Structure formats: C-alpha cells, structure tokens
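Structure record follows, encoded as structure tokens.
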Amino acid sequence: MFEESAARSMIKAVSWRVLATLTTTLLVYAFTGRTDLAVTIGLLEAASKMVLYYFHERLWNRLNVGRKPIAGSHPTGVPALASPTGMTDTLTSPDPTAVAEAGRVLETDTPLEILRWATDRYGPRLTFATGFGAEGCALIDMVGRHRLPVDIFTLDTGLLFPETYDLWKRLETRYGITIRRVGPELSVEQQAAVHGPELWAREPDRCCDMRKVTPLVAQLSQFDGWITAIRRDQTDRRADARPVEWDEKFGLAKVNPLVRWTTRNVWAHLLEHDVPYNPLHDLGYPSVGCLPCTSRVNAGEDDRAGRWRGTAKTECGLHANVDGATEVGHAGVRS
Ligand code: SF4
C-alpha cells in the first residue's frame with residue numbers, strides 16, 4: 005500500500021480532470037451540434053479547474069508553514085514518499101503552531117479529506133493505533149479502499165478475544181494491508197512467572213501499563229503524527245477536539261478524522277461499505293477489550309459497563325495520562 009506515491013496520485017487526479025472536461029465537451033456537442041459552444045464550455049471548465057487546483061496548492065503550502073526538515077528514517081522501513089509537488093518528501097518534525105492552524109483550516113473537511121491531508125503532511129511518519137473498534141474499522145476502510153500510505157499497528161496484549169484476532173486477519177485480507185503487531189515485553193506466561201498468575205484480576209492498572217501503555221509510548225516516540233478515532237460527542241473533554249491538534253503528552257500531532265461524526269455516522273459507514281467489524285458488537289459487547297476484562301453489557305447499562313466489571317477501573321490507563329488515546333485499548337468506542 006505504500007507503493008502508490010503522492011506524485012502518482014496527482015497524475016491520476018489530473019487525468020480524471022482532463023477526462024471529465026473532454027466528456028463535458030463531447031456531451032455539449034452531442035446535445036447542441038455546435039462545435040464552437042462545446043469548445044468554449046470545455047475551455048471554461050478546464051480554466052476553472054486550473055484555478056481551483058492553484059488555490060488548492062496554495063492552501064496545501066500554507067498548511068505546511070513551519071515544516072522543519074530533519075534527518076531520520078521510518079521506524080518500519082517504509083520509504084519516503086514523493087510530495088504532492090513532485091519533490092522527494094523530506095521527513096519533518098511537527099510544529100505545534102502549524103498543527104493548530106491546520107486544525108482550524110480543516111474544521112469542515114470530511115474524514116477522508118483529513119486523512120489525505122495528514123498523509124501529505126506527515127508522509128511515512130504518520131501512524132494509526134487501532135484496537136479494531138467500530139471507529140477503527142471505519143478508518144481502516146478509508147485507508148484501505150483509498151490506498152492511503154498510513155502505517156497501522158495494534159497493541160496485541162496476547163489476551164484479545166478470538167473474534168478480535170479473526171477481525172484483524174479479515175481486515176488485512178479485505179484491504180490487502182498489513183496491520184503491525186506491537187506486543188508487550190513479556191508474554192502472558194512470562195508475566196505470570198514474574199508477577200504471578202492473572203495479574204489483571206489483582207492489579208489491572210499495572211497489567212494495562214505493561215501490556216498497553218508502555219508499548220504505545222514507545223511506538224509513538226517514533227512518529228510525527230498519529231491518527232485517533234476521537235469523536236466530539238464521546239465525552240465532555242472531547243467536545244473541543246479539533247481535526248488536527250497538538251498532543252502534549254506524546255509530543256506529536258494528533259489527527260482526528262472522525263471528530264465531527266456520531267456513532268450513527270460510524271455505523272452507517274460500516275454498513276454502507278460492508279466493512280468487517282467485530283461480531284461481538286452484535287452480541288452485547290459494545291466495547292471490546294481483553295478477554296479477561298470484558299463482559300457482556302446488560303440492557304440499560306453504559307457501553308463501558310462490561311469493562312473491568314466489579315472494579316473501580318474504567319479506562320486502561322491511557323486516558324489518565326492522555327486525553328484521546330482512543331481506540332488503542334480494543335474498545336468499540338474508547339480504549
Ligand atoms: S485490559 Fe485487562 S488483561 Fe488487558 S492489559 Fe488491561 S488489565 Fe491486562
């Protein structure tokens with residue numbers, strides 16, 4: 005999926021514009037029989053497309069004010085992409101001011117437009133941590149169907165539901181992509197040997213920290229931007245979330261393509277595009293995490309009621325440190 009360069013995408017976009025202009029010209033000629041009228045309208049359409057393209061490029065350049073070239077390589081060995089201007093992309097370090105400005109400019113853009121902006125802006129230093137929740141599946145669908153060059157990984161605690169492992173494979177097969185496995189330092193067996201059996205039942209915070217938080221922090225330190233599935237209607241704290249914003253905790257840009265969507269939007273997208281999703285969502289598990297810590301939710305209960313049931317714990321620990329570390333905890337909506 006990383007083979008399709010931005011330059012190739014640009015050639016494709018221009019080809020489509022030329023084809024559309026020719027089609028318009030032929031249609032006008034077919035309906036009126038007037039060559040002069042058909043050519044005039046065709047030229048007008050071509051001119052308007054050039055003007056629009058010009059302003060699009062200006063906007064793109066404006067959003068990239070503050071890029072600071074640095075040396076480096078992609079943590080997964082993904083080659084640098086060609087930039088939309090045809091030049092070889094230079095890896096950049098993110099600039100909080102430029103990120104804030106981009107957040108304002110992208111406010112009315114669609115999730116796909118925001119994803120496209122992010123891939124142009126951060127190239128191979130953009131990643132997406134998914135837990136295969138409904139939002140994550142919708143984003144994987146957009147990335148996969150549109151062949152966007154986005155690194156994707158999942159935190160595999162070794163304790164996920166068989167249905168989640170199966171969904172992981174189905175998504176890879178469906179879109180022809182690889183979703184990297186990021187695991188904790190210790191296997192489940194090693195953790196039991198060192199810290200005693202079923203640590204999740206005794207010290208779930210410690211278990212989450214070792215199996216989720218620490219690996220996530222290590223991953224994000226290698227990127228300049230990460231995609232999350234944050235939506236404004238999820239919590240009060242997220243009501244002010246922007247399409248792109250600076251992530252103070254991890255020191256990189258946070259890209260939130262679904263920020264203006266609701267749960268209804270997410271599920272409409274999954275159904276419209278026949279996107280694979282976790283069958284547990286249909287069986288009373290609106291939020292799916294690790295198998296030992298997730299139970300079915302009863303009618304009238306909160307979506308998160310099945311997570312760490314019987315304990316005071318409600319989040320895997322990421323939210324205590326970072327607002328918006330969504331999706332990484334294998335949740336349908338939140339981690
Ligand atoms: S959700 Fe449960 S099993 Fe998974 S890492 Fe956290 S405490 Fe451990």
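Under the working numbering, the first residue of the sequence shown is numbered 5, with each subsequent residue one higher. Backbone N, C-alpha and C fix where the C-beta goes; we use that ideal spot for every residue, glycine too. None of these values were measured; they are calculated from a predicted model.
query                                                                                                                                                                      : result
Whose beta carbon lies closer than 6 Å to any heavy atom of the ligand SF4, going through the chain in order?                                                              : Thr161, Leu163, Trp204, Pro208, Cys211, Cys212, Arg215, Lys216, Gly293, Cys294, Pro296, Cys297, Cys320
What's the C-alpha gap between Val270 and Pro283?                                                                                                                          : 16 Å
For Trp20, count neighbouring Cβ atoms within 10 angstroms of its own Cβ and tell me buried if that reaches 16, exposed if not.                                            : exposed
If you draw a straight line from the alpha carbon of Ser299 to that of Arg311, how long is it in whole angstroms?                                                          : 6 Å
Buried or exposed: Asn260, going by 16 or more other Cβ atoms within 10 Å of its Cβ?                                                                                       : buried
Please tell me whether, using a cut-off of 7 Å, the distance from the CB of Pro290 to the nearest non-hydrogen atom of the ligand NAD is below it.                         : Only the ligand SF4 can be found as ligands here, which leaves the ligand NAD out of the picture.
Short check: CB of Pro98 to CB of Asp228, under 8 Å?                                                                                                                       : yes
Going by beta-carbon coordinates alone, are Leu143 and Phe132 separated by less than 8 Å?                                                                                  : yes
In three-state terms, what does DSSP make of Ile234?                                                                                                                       : coil
Quick one: is Lys173 buried, meaning 16 or more other Cβ sit within 10 Å of its Cβ, or exposed?                                                                            : exposed
What would DSSP say about Leu164, mapped onto helix, strand or coil?                                                                                                       : strand
Within the same chain, show all residues whose beta-carbon is closer than 8 Å to that of Asp113, passing over the 5 residues directly before and after it, in chain order. : Trp121, Pro247
Under a three-way DSSP split, which group does Trp250 fall into?                                                                                                           : strand
Alpha carbon to alpha carbon, what distance is there between Val263 and Ile234?                                                                                            : 6 Å
Anyone know if the C-beta pair for Leu163 and Pro296 falls short of 8 Å?                                                                                                   : yes
Identify the continuous alpha helix (DSSP H) that holds Arg311 and give its terminal residues.                                                                             : Where Arg311 is concerned, there is no enclosing alpha helix (DSSP H), given that its DSSP letter is neither H nor E.
Secondary structure at Gly140, three-state DSSP: helix, strand or coil?                                                                                                    : helix
Say whether the segment 143-156 touches the segment 169-186, bearing in mind that this needs 3 or more beta-carbon pairs closer than 8 Å, one atom from each stretch.      : yes
Name the DSSP beta bridge partners of Lys258, please?                                                                                                                      : Trp230, Glu249
When DSSP labels each residue in this structure, what does Asp40 get in the three-state scheme?                                                                            : helix
Against chain B, with Cβ distances strictly below 8 Å, would Ile183 count as a contact?                                                                                    : Chain labels in this structure do not include chain B; a single protein chain is all it has.
By a C-beta neighbour count over all protein chains shown, 10 Å radius and 16 as the cutoff for buried, is Glu185 buried or exposed?                                       : First, the amino acid is wrong: residue 185 is Arg here, not Glu. The residue in question, Arg185, is exposed, as its Cβ has fewer than 16 Cβ neighbours within 10 Å.
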